[in-house]
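Asker: One structure is given below, represented as structure tokens, and several questions about it will come after.
4 protein chains.
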Amino acid sequence: MSSLLDLSPQVSALKDKLETFVNERCIPAEGDYECHVAKFSGADRWSIAAVPPVIEQLKSEAQALGFWNLFLPRPVPDHLMSRDDVSVPMAPSMYLSNREYGILCEIMGRSTLAPEACNCSAPDTGNMEVLLKHGTIDQQREYLKPLLRGFMRSAFLMTEPDVASSDARNLRAKLTKLVGDDGRVKYVLNGRKWWSTGAMDPRCGVALVVAEMDHGQSSVTSPKGKDQPKRGNQTVVIVPMSRPGIKCVRPLTVFGYDDAPHGHAEVLLENVELDESAVILGEGRGFEISQSRLGPGRIHHCMRAVGLAARCYELMLERTLTRQAFGKYLCEHGSCRELIADSASDLEAARLLTLACAEDIDRLGARGARGKIALIKTTVPELTSRVIDRAVQIFGGAGVSGDFPLARALVGLRTLRIADGPDAVHKQSLALMELKKTKKRMQSRI
Amino acid sequence: MSSLLDLSPQVSALKDKLETFVNERCIPAEGDYECHVAKFSGADRWSIAAVPPVIEQLKSEAQALGFWNLFLPRPVPDHLMSRDDVSVPMAPSMYLSNREYGILCEIMGRSTLAPEACNCSAPDTGNMEVLLKHGTIDQQREYLKPLLRGFMRSAFLMTEPDVASSDARNLRAKLTKLVGDDGRVKYVLNGRKWWSTGAMDPRCGVALVVAEMDHGQSSVTSPKGKDQPKRGNQTVVIVPMSRPGIKCVRPLTVFGYDDAPHGHAEVLLENVELDESAVILGEGRGFEISQSRLGPGRIHHCMRAVGLAARCYELMLERTLTRQAFGKYLCEHGSCRELIADSASDLEAARLLTLACAEDIDRLGARGARGKIALIKTTVPELTSRVIDRAVQIFGGAGVSGDFPLARALVGLRTLRIADGPDAVHKQSLALMELKKTKKRMQSRI
Amino acid sequence: MSSLLDLSPQVSALKDKLETFVNERCIPAEGDYECHVAKFSGADRWSIAAVPPVIEQLKSEAQALGFWNLFLPRPVPDHLMSRDDVSVPMAPSMYLSNREYGILCEIMGRSTLAPEACNCSAPDTGNMEVLLKHGTIDQQREYLKPLLRGFMRSAFLMTEPDVASSDARNLRAKLTKLVGDDGRVKYVLNGRKWWSTGAMDPRCGVALVVAEMDHGQSSVTSPKGKDQPKRGNQTVVIVPMSRPGIKCVRPLTVFGYDDAPHGHAEVLLENVELDESAVILGEGRGFEISQSRLGPGRIHHCMRAVGLAARCYELMLERTLTRQAFGKYLCEHGSCRELIADSASDLEAARLLTLACAEDIDRLGARGARGKIALIKTTVPELTSRVIDRAVQIFGGAGVSGDFPLARALVGLRTLRIADGPDAVHKQSLALMELKKTKKRMQSRI
Amino acid sequence: MSSLLDLSPQVSALKDKLETFVNERCIPAEGDYECHVAKFSGADRWSIAAVPPVIEQLKSEAQALGFWNLFLPRPVPDHLMSRDDVSVPMAPSMYLSNREYGILCEIMGRSTLAPEACNCSAPDTGNMEVLLKHGTIDQQREYLKPLLRGFMRSAFLMTEPDVASSDARNLRAKLTKLVGDDGRVKYVLNGRKWWSTGAMDPRCGVALVVAEMDHGQSSVTSPKGKDQPKRGNQTVVIVPMSRPGIKCVRPLTVFGYDDAPHGHAEVLLENVELDESAVILGEGRGFEISQSRLGPGRIHHCMRAVGLAARCYELMLERTLTRQAFGKYLCEHGSCRELIADSASDLEAARLLTLACAEDIDRLGARGARGKIALIKTTVPELTSRVIDRAVQIFGGAGVSGDFPLARALVGLRTLRIADGPDAVHKQSLALMELKKTKKRMQSRI
């Protein structure tokens, strides 16, 4: 077993317990969860009634067992904790390195329910990180505290339907700054967002919204890119979902799945009024925030993808041992064994790449590891997709149905090649970094 | 333009009209269709109310325009036609060769509504072919006539949840023959089927069911294949959906889509009683029927897949001409152009393979062309999937959503690699045929 | 069998005879040919002694049988023919369409010797086409005539080692025009070329050279492309290999093969003096010539690639029927059968794409078909390479050795993805044409 | 940087020196080496004169610098060492773990000369390991000692031309045991081997030969595998190359390269007489030996493959920064950047897989790690081939020529997918191990 998988005895014990929790509690509850949601239709699917009680049950269990907010890289400030708060790890040893968290996050990724059960699910983790790192004490008290406790969920509104979101500068949502007669600053937010994951969740209390500062002059986007709004124009604001003017227009589907009651929304922002306390970090610092937010988010996605693929891979292996065709077990067919071997390779590569990247972040920081982050963001979804695609093929009709997690997993990973920036963008970034290193090497030789 | 695409002036004119009909009538109606169905939930999705009126409208139009039952390879018997029947082509020239139909079927495949609008959709075409070729006059009068007129839909029940359906001999549904005191023969049908496309459709009037003859003795399937039930045991029977004992247990989803109101059902057959007139062609001739049924079915799927991919390809091209990222149109990015070129190649290869195979059937018969049929059954879904996958990637979030036909198309083609036999089975067959030819060549050399 | 493969009875008979000639005369002679060449080393490999006598024998046979210059699209002018000339087809019916030639060229492609034996090998065919189309009567008498008769071979010098030849405008060879005191025009040619196929062949009598016109002023190539020499600057000149100043610097190897005595040379051109009669078509018309020359050349390469892959595929099939591993014949292993089926698909697709493209040229002209030409130029080498790669894998050690044609074939096709422009260039061109068509379609809709 | 790459200060210093040695001494010497060999033709290519003096020079340097026999897993027995022997590492700390050696072996793999320069090249390392592990003191003195000192080279004769060597039981070379009148045992060896790497090397002093014990009775190989000779029949014997009856029939080429003066031979063994001291480990223990020998050999190949691909990758990056096409540097073309990014991913995955496997061997032993060994044996050559294939494409004509190491590297890695067992065999083994683990997991659940 590779040292990339080494854990201290404490974390190792935690991992074993987590494995049991995921396999014996979360996975068996998935059917329940789906059945509960399936009872609702139309707008009711986004009502509090549609939230399956089992998830709250699992959250309590996870909290009790200590699998809570494991994504947190370091202790939270005292003002966020009460004396006997169980919402964050008590023992310092439980603040995990990225590599350690990667190993545990892979296990959570095996079940669609485990990340939420452990309060480690997107987009909340990213939002909590932003608030922890950049939030004022007030912002932390109001929003971070309930998020850490799992009392509330949140959304992150960046992508827009009207522009190619592969280019992060391509935003049209506008934040207009107004100064009142009393000298008090007010902001008005307008725009249309989509793929706002969790915005329709009845438990969603707050959204972080990325918008362009509108300085009055018209900033028509020119096709030639020269006059494009600069990155320095983006600002992130905190918007409570109850604020007038914010409206979930419709749920989006992902290959036919609406993922209710969490889902993905198209959100209209019409003259949403905010005061100065809504701005995170400062005007024009949005690009910085969204980049830092996406860094770890990208690798958490990869970690979960590995876990999901590992589960599908195991299901595939079991299937080949129990189904027959043409007079022998599937696993006795040579071509079926090739699928198994190829999947073992893909899975191993995906896991090593992910953990080595996590270790790079531990050693070099997210900025120093951004080449590797770009690398795994495109490679791991592809590798894990291939594993699941083979599993689907071996399951046949059952593989594309709702009876197994395979179909859902396959389209989930397909979507991951688009979410947080399509492959093309990350490949360009990675290549640019490699070219820069090469230039340096060439110069040093002269 | 390749001669594979050549058409007589008459058929060419028909093609132009069909193109207009599909592009201007069917494609624009798809949104309507979906909106109508989306209003229904639960069991109502399978009610007659859920059938969008627009489809009946399109059927009338198609019939009036002469795009009706174009799949028919030859005139139907007189007893099926009334004097001024518009349900079948009147002019002999309108009985199309497989290659000609392939060109038109590709066009229908562009829209999810066109095949049904033209009474050329699965599984009805396959069932009509079976009835036309093998049905008695009574069977034809009762079932084929309403199908040809589009008054009724039908299902084909072969695949079973309990056994690997890749092996067509692997059936457990049983047809027990009983001889009454009066000497009259009766059959009792028992079994469980799934992926019974259209069985839950409120318009579905009849199912063709493949079952094993049960000759009394226990026929336990041995893992070693030696004692497996022989192909000669399979029988196809006609079962009206109203018959007691036939029950649609639940709808299945395909990657999150339930495809209501047509859909895919799991069907329980409990002591369904049938008399002798229900048997098609004769006891033990089921394998023969299902093979002949699937031959053309397989290539119709491929034809439609090419049409669907062509539509997605065009959408992708248009998208790259209208969206910008990083200061230029997507089509100005070199890596995006590679996706276009690769897709053009894949699409061209898929189209040529399909039409050349259709021409082989025209020249050699389905049996003579079965190597090519196996070849395109695995190759065309893969080639066309790649085209659509690239389109999804270029569309980003919009590509996986319900706003464009891409997401639905991608999982539809993924499913096609499983339906009517998974790739592995067809590849084995193709290889065996190639090896047989090689042996012959080697022997002729000695 | 697809209509793309249909032939008139006359051509069909020719095809049968050609098949026999290639299989029974050319293929068995390959070993001889290689053994003969292997006796020579160093510079001797490029001597007339190194030319295997068997090739002249095969040329006589091919000429006698009427497989001579079949690539010719139309009768040659009378001044090139003597009364009973056997060097060109006599019967008008023997001037083949591109599609017909494609079928025969595939057969020639099966053997490394057949194209030369039939006087249909690169680069001679391209050069003959240029001279036939654009040469003056004098140029045709002096150079085309011996080429048509197979008395001489030729080279085409375009690619240069110092610049990326993917960009055809990127040439540095210079043609300087000087006007003498007597008013007579003279040209001086300077430059360095490589991948000059056949230039070291002892039978090579003439080279067609592409060079930039040097108008005196310095034309430093700027990196930004704006001041790049225009296409209109290129000129093609005829240079007899005996002319002073032309020097083959060294043979190049292709993955370890030097392909002696034909080979690929690096050629230095130092103050090669030429008079006006050396210019083909006129100054500045080089781009036009090299494009028209490459068009058919590209598809001939594809045709031969299909033939070569077909031969390797057959060898693979035979191997699987005669070798055993793990107690059964290779063909009985399921994973081996998948390789066979995948290869059958790739080969069929490659063949259909090539012939459909040839038919497009027949119907629309090379210009009208240039999208398809670009398409097959990238797709067919890839498809056929895959077939051969699988054959290599099945042959194991024998596959990479010199005992079978597989290793040579594989690297030959790998090289084809670079020769006549790398894939990337053709993909960009194809995409641009597709985008142009799309724009038109979009405009017509408004 | 991943912990998989961590080294102790001592080994890290060694690594830095090795890097300098490979980059500044070995790589620049490659041209020399090739030029020297190119002067010889025919049989002379296998003469001692053809061995480039530069390699002996590099060997001295490597020995002096301490890069000698680094592959050795542990100190050699005293009887193999003289007092001030420099042929083996003196410091215990210099006995490297497999992971550490992997990092250094990757660096050696960058140059075709470095492994031999460091006395770490195949097949000698494998043979030395066998002799070290299983040899008698006499065998070690006679053969291991000169090998360790680099005074001699060796060969390993297993593969045979007449049978599929993918199946290691499939051997026909026979070892007949004879007992003389004096009671002394004698063996007679007969057979034909090929791909006997290094057997034609003029410095090759000894071959290890795998043969079947011939117990007198005819052991006709039956196609059905039931009566196949068992593994227990294989025996490994030591055969000095000077022994009568051993004859190198011919050199084999690998995609046109003969790799002289080392090369790959076809070897005929005709009545080679041996006495009891020639047997390693004992009669019938050949399978055991060849398996243990191949284990580390497989991963050394992978390590070198990563180094070679890394070098090609760097060359590709540099090329894109210095060549222009269409008015900009190659690295400014988006499609070129995708090739870079994909290669970075493939290379990173290959490296991690290889080092993680090496670490598995360190922790679990070769037997415990054999699943991972099978995994990387198929995956790493594929991943690294892709990197080099892209480099070839970017270099264009230069890439397939002898001017850069790319062409040689590409076919070398292609061959690696066959050497030491084709991919298919390793995939089957890996799948079987995965299935066994799965069965266990399933049983533990009940």
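Chains as they are written, first to last, in my numbering: chain A, -10 to 435; chain B, -10 to 435; chain C, -10 to 435; chain D, -10 to 435.
We put the CB at the ideal spot given by N, CA and C, even for glycine.
Only counting the same chain, and skipping five residues up and downstream in sequence, which positions put a Cβ closer than 8 Å to that of A/Tyr246?
Answerer: Answer for A/Tyr246: Arg397 and Val400, listed in chain order.
Asker: For the structure I just gave you, are there three or more beta carbon pairs, one from the segment 150 to 160 of chain D and one from the segment 317 to 331 of chain D, closer than 8 Å?
Answerer: Contact between the segment 150 to 160 of chain D and the segment 317 to 331 of chain D is absent, because fewer than three Cβ pairs lie under 8 Å.
Asker: Measuring CB to CB, does D/Arg293 end up less than 8 Å from D/Gly98?
Answerer: Cβ atoms of D/Arg293 and D/Gly98: closer than 8 Å.
Asker: Rounding to the nearest angstrom, what Cα-Cα distance links D/Phe315 and B/Glu8 in this structure?
Answerer: So the two alpha carbons sit approximately 40 Å from each other.
Asker: Within 8 Å (strictly less), CB to CB, does C/Tyr132 reach chain D?
Answerer: Closer than 8 Å: no.
Asker: Closest Cβ-Cβ distance between C/Cys94 and chain B: below 8 Å?
Answerer: Cβ-Cβ to chain B under 8 Å: no for C/Cys94.
Asker: With 8 Å set as the bound, which would you pick, yes or no: does the beta-carbon of A/Gln417 sit closer than that to a beta-carbon of chain D?
Answerer: Yes - at least one Cβ of chain D is within 8 Å of the one on A/Gln417.
Asker: Taking 8 Å as the cut-off, decide whether the C-beta atoms of B/Leu178 and B/Leu164 are in contact.
Answerer: In this structure, B/Leu164 lies closer than 8 Å to B/Leu178 by Cβ.
Asker: For the beta strand (DSSP E) that D/Lys236 lies in, which residues bound it at each end?
Answerer: From DSSP, the beta strand (DSSP E) with D/Lys236 extends over Ile235 to Leu241.
Asker: Among C/Arg88, C/Trp57 and C/Cys24, which one has its Cα closest to the Cα of B/Leu(-7)?
Answerer: Checked all of C/Arg88, C/Trp57 and C/Cys24; the closest Cα to B/Leu(-7) is C/Arg88.
Asker: Just the chain C side, please: which residues come within less than 7 Å of A/Phe316 by C-beta, in chain order?
Answerer: Contrary to the premise, residue 316 of chain A reads as Gly rather than Phe in this sequence. The premise fails here: A/Gly316 is roughly 13 Å from chain C at the closest Cβ pair, so nothing lies under 7 Å.
Asker: Cutting at 7 Å between CB atoms, please list the residues of its own chain near D/Glu45, excluding the five before and the five after it.
Answerer: Excluding sequence neighbours, D/Glu45 sits near nothing in its chain.
Asker: Take D/Arg434 and list the residues in its own chain whose beta-carbon comes closer than 8 Å to its own, dropping the five residues that flank it on each side.
Answerer: So the list is empty, once near-sequence residues are dropped.
Asker: With distances taken between CB atoms, is the gap from D/Val199 to D/Gln223 smaller than 8 Å?
Answerer: Yes, the Cβ-Cβ distance between D/Val199 and D/Gln223 is below 8 Å.
Asker: Using 8 Å as the limit for Cβ to Cβ distance, is C/Ser324 near chain A?
Answerer: Yes, contact with chain A.
Asker: Grouping DSSP H, G and I as helix and E and B as strand, with all else coil, what is B/His450?
Answerer: Nothing can be reported for residue 450 of chain B, as the shown portion of chain B is limited to -10 through 435.
Asker: Taking 8 Å as the CB-CB limit, is A/Pro394 close to chain B?
Answerer: No, A/Pro394 lies away from the interface with chain B (no Cβ there is under 8 Å from its Cβ).
Asker: Is the shortest distance between the beta-carbon of A/Phe244 and the beta-carbons of chain B less than 8 Å?
Answerer: A/Phe244 counts as touching chain B.
Asker: Applying the 10 Å Cβ sphere with the 16-neighbour rule, what's the burial state of D/Ser49?
Answerer: Per the 10 Å Cβ criterion, exposed.
Asker: Pairing CB atoms from the segment 250 to 264 of chain A with CB atoms from the segment 185 to 194 of chain A, are three or more of them under 8 Å?
Answerer: The segment 250 to 264 of chain A, when compared against the segment 185 to 194 of chain A, does touch it at the 8 Å Cβ threshold.
Asker: For the 8 Å Cβ check, are there 3 or more pairs between the segment 372 to 381 of chain C and the segment 300 to 309 of chain C?
Answerer: Because the criterion of three Cβ pairs below 8 Å is met, the segment 372 to 381 of chain C and the segment 300 to 309 of chain C touch.
Asker: According to DSSP, A/Leu178 sits in a beta bridge with which residue or residues?
Answerer: Note: A/Leu178 sits in a beta bridge opposite A/Leu164 and A/Val261.
Asker: Could you tell me whether the Cβ of D/Met431 comes closer than 8 Å to any Cβ of chain A?
Answerer: Yes, D/Met431 lies at the interface with chain A (some Cβ there is under 8 Å from its Cβ).
Asker: Would you say the segment 326 to 345 of chain D touches the segment 402 to 415 of chain D, given that touching needs at least three Cβ pairs under 8 Å?
Answerer: As far as the Cβ criterion goes, the segment 326 to 345 of chain D does not touch the segment 402 to 415 of chain D, which means the pair count is below three.
Asker: Compute the beta-carbon to beta-carbon distance between C/Leu306 and B/Glu423, rounded to the nearest angstrom, for a pair I have assumed lies under 8 Å.
Answerer: Their Cβ separation, rounded to whole angstroms, is 6 Å, which keeps C/Leu306 and B/Glu423 in contact under 8 Å.
Asker: Since C/Pro(-2) contacts C/Tyr22 with CB under 8 Å, what's their CB separation in whole angstroms?
Answerer: Actually they do not touch by this definition, with Cβ atoms about 34 Å apart.
Asker: What residues in the segment 118 to 147 of chain D have a beta carbon less than 9 Å from any beta carbon of chain A?
Answerer: Correct list: empty, as no residue qualifies.
Asker: Can you name, in chain order, every residue of its own chain whose Cβ lies under 8 Å from the Cβ of A/Thr125, other than the five neighbours on each side?
Answerer: Excluding residues within five positions, the ones whose Cβ falls inside 8 Å are Ser266.
Asker: Taking CB distances under 8 Å as the criterion, tell me whether D/Gly214 reaches chain B.
Answerer: Bear in mind that the predicted position of D/Gly214 carries a pLDDT of just 43, short of 50, making it unreliable; the figure below should be weighed with that in mind. Chain B contact via Cβ: absent.
Asker: So, A/Cys24 versus A/Leu102, is the Cβ gap smaller than 8 Å?
Answerer: It is not a contact, given that the beta carbons lie outside the stated cut-off.
Asker: Which residues mark the beginning and the end of the alpha helix (DSSP H) in which A/Leu304 is found?
Answerer: First-last of the alpha helix (DSSP H) with A/Leu304: Gly275 to Thr311.
Asker: Out of B/Glu371, B/Pro229, B/Ala345 and B/Leu133, which has the shortest C-alpha to C-alpha gap to B/Pro411?
Answerer: That would be B/Glu371, whose Cα lies nearest to the Cα of B/Pro411.
Asker: Alpha carbons only, please: which of B/Val226, B/Met(-10), B/Asp248 and B/Glu259 is nearest the one belonging to B/Ile235?
Answerer: Measuring from the Cα of B/Ile235, the nearest candidate turns out to be B/Glu259.
Asker: For the beta strand (DSSP E) containing A/Gln223, name the first residue and the last one.
Answerer: Gln223 to Pro229 is the extent of the beta strand (DSSP E) around A/Gln223.
Asker: Checking the sheet assignment: what are the DSSP bridge partners for C/Leu60?
Answerer: Checking the sequence shown, residue 60 of chain C turns out to be Phe, not Leu. C/Phe60 is not bridged to any residue.
Asker: Measure the Cβ-Cβ separation of A/Gln128 and A/Ile278 and say whether it is below 8 Å.
Answerer: No. Outside cutoff.
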